[in-house]
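Asks: I'd like to ask some things about the structure below.
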Amino acid sequence: MLNWLFEKKKNNHVNLDHIGIDIHSHFIPGIDDGVETIDESIAVATKMQSLGYRYMVTTPHVMWDCYRNTPEIILSGLQSIQQAYAMAGLTIQVRAAAEYFIDEHFSEMLINGETLLTLPGKRLLVELPYSTPLLNTSETLFSIIEHGYQPVLAHPERYTYFYNDLSIYKKLADQGCELQVNILSLTGYYGDNVLKTAEWLLKNNLITFLGTDAHKLQHLEMINKSDRKQWITKYPFQNEKLINIW
Ligand SMILES: [Fe+2]
């Protein structure tokens, strides 16, 4: 009886230990729209560990109109959470990169060769505007590659202006851009259109990485409760290969 209960409980929760590493979250307190306090940061890291993650690269927003985060600000925040996690006895390893919004400031930093914080393998996590498309998405991604970085596009499934012509995703991938889908998109959290697009990307083998993009504990609880888990084990996400170059 007890065994049966235990199994049921176990099966009702998502286990992401074969994903192993998360590459998108907002866990440095007070510098973007993610967690606000160190205690909150400890709580999300604890939850990440219980979901099966052993590594995470947290990625505060760099968006010059709202979040003027520099490498100094991000790395000093990283030190604080690393100390706090160690004090709390957590074993999950944490590093920091950033989620760069593609704006004029980003292009300037890229062209001027300023320090940019990257995911393992010199990967640059970038995001696009949600409502209006950039005129030069392709050129910008090409320029990232030209400057020696590997672009990883955050949550491509959430840019609604791509929905009219899904072939854009193939073009981006062919151009050398890796696509990072949010786990929550596959749970239906952002609505049906996002879910459908994320599933289309899965079916077409266009997803390179899964990310939590967690901003708060509730996001991780939603992932944990999700009843659409079949995709997690079937699809060859490439997160784990980043552990080897951690
Ligand atoms: Fe994000």
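Position one of the sequence shown corresponds to residue 384 (the numbering used here), numbered consecutively onward.
Using N, Cα and C, we set each Cβ at its ideal position, and we do this for glycine too.
None of these values were measured; they are calculated from a predicted model.
#1: Could you give the first and the last residue of the continuous alpha helix (DSSP H) run that contains Thr441?
#2: To the nearest angstrom, report how far apart Val509 and Asn519 are at their CA atoms.
#3: Since Pro454 is in the alpha helix (DSSP H), which residue starts that stretch and which ends it?
#4: With three or more C-beta pairs closer than 8 Å as the rule, is the stretch 531–549 touching the stretch 597–608?
#5: In chain order, what are the residues with a CB under 5 Å from some non-hydrogen atom of ligand 1?
#6: Could you have a look at His602 and say whether DSSP puts it in helix, strand or coil?
#7: Does the distance from the C-beta atom of Met446 to that of Met439 stay below 8 Å?
#8: Kindly list the residues whose CB is nearer than 6 Å to the CB of Asn398, restricted to its own chain and excluding five residues on each side of it in sequence; keep chain order.
#9: Between the C-alpha atoms of Val477 and Trp629, what's the straight-line distance to the nearest angstrom?
#10: Span of the alpha helix (DSSP H) holding Tyr552?
#11: What number of angstroms, rounded off, separates the C-alpha of Ile414 from the C-alpha of Leu461?
#12: Report the rounded CA-to-CA distance for Lys391 versus Asp610, giving the unit in angstroms.
#13: Once you ignore the five residues that flank Gln621 on each side, which residues in its own chain have a CB closer than 7 Å to its CB?
#14: Over what stretch of residues does the beta strand (DSSP E) that includes Phe592 continue unbroken?
#15: Tell me which same chain residues have a C-beta within less than 6 Å of the C-beta of Ser568, skipping the five on either side of it?
#16: Specify the secondary structure class of Pro539 as computed by DSSP and reduced to three states.
#17: With DSSP run on the structure shown, which of helix, strand or coil describes Asn495?
#18: Since Ala479 is in the beta strand (DSSP E), which residue starts that stretch and which ends it?
#19: Looking at Leu458 and Leu625, is the spacing between their C-beta atoms short of 8 Å?
#20: I need the straight-line Cα distance from Gly417 to Ala428, nearest angstrom please.
Replies: Quick look at the numbers:
#1: On the sequence shown, residue 441 is found 58 positions in, with the first residue counted as 1. Here Thr441 belongs to no alpha helix (DSSP H); instead the beta strand (DSSP E) covers 438–441.
#2: Along the sequence shown, one-based indexing puts residue 509 at 126. Along the sequence shown, one-based indexing puts residue 519 at 136. When the Cα atoms are used, Val509 and Asn519 turn out to be separated by approximately 14 Å.
#3: Position 71 of the sequence shown, counted from the first residue, corresponds to residue 454. Start and end: 454–470.
#4: Contact between the stretch 597–608 and the stretch 531–549 is absent, because fewer than three Cβ pairs lie under 8 Å.
#5: This selection yields Glu482, Asp596.
#6: What you label residue 602 is simply residue 219 of the sequence shown in a count that begins at 1. Helix.
#7: Residue 446 sits at position 63 when you count from the first residue of the sequence shown. Residue 439 sits at position 56 when you count from the first residue of the sequence shown. With contacts defined by Cβ atoms closer than 8 Å, Met446 and Met439 do not form a contacting pair.
#8: For the purposes of this step, residue 398 is taken as residue 15 along the sequence shown, with counting starting at 1. Closer than 6 Å at the Cβ level, and outside the excluded window around Asn398, lie Gly435.
#9: Indexing the sequence shown from 1 puts residue 477 at position 94. Indexing the sequence shown from 1 puts residue 629 at position 246. The C-alpha of Val477 lies about 10 Å from the C-alpha of Trp629.
#10: For this step, residue 552 is matched to residue 169 along the sequence shown. Under the DSSP assignment, Tyr552 falls in the alpha helix (DSSP H) whose first and last residues are 550–557.
#11: Within the sequence shown, the letter at position 31 stands for residue 414. Within the sequence shown, the letter at position 78 stands for residue 461. Cα-Cα distance, rounded: 11 Å.
#12: In the sequence shown, residue 391 corresponds to position 8, counting from 1. In the sequence shown, residue 610 corresponds to position 227, counting from 1. Here the model assigns Lys391 a pLDDT of 39, short of 50, so the residue's position is not dependable and the matter cannot be decided.
#13: Start at 1 with the first residue of the sequence shown, and residue 621 comes out as number 238. Hits under 7 Å: Thr591, Phe592.
#14: Indexing the sequence shown from 1 puts residue 592 at position 209. Start and end: 592–594.
#15: As a working note, residue 568 is residue 185 in the sequence shown. For Ser568, where only same-chain residues beyond five positions count, the Cβ hits under 6 Å are Glu540, Val577, Ala581.
#16: Taking the first residue of the sequence shown as 1, we reach residue 539 at position 156. Here Pro539 carries a helix assignment [DSSP, helix/strand/coil].
#17: The residue given as residue 495 occupies position 112 in the sequence shown. Looking at Asn495 - three-state DSSP - the assignment turns out to be coil, as it is neither helix nor strand.
#18: Counted from its first residue, the sequence shown places residue 479 at position 96. Element bounds for Ala479: 476–479.
#19: Locating residue 625 in the sequence shown gives position 242, counting from the first residue. Locating residue 458 in the sequence shown gives position 75, counting from the first residue. Contact annotation: Leu625 and Leu458 have beta-carbon atoms that are not nearer than 8 Å.
#20: Taking the sequence shown and counting its residues from 1, the one referred to as residue 417 is at position 34. Taking the sequence shown and counting its residues from 1, the one referred to as residue 428 is at position 45. Spanning the two alpha carbons is a distance of roughly 13 Å.
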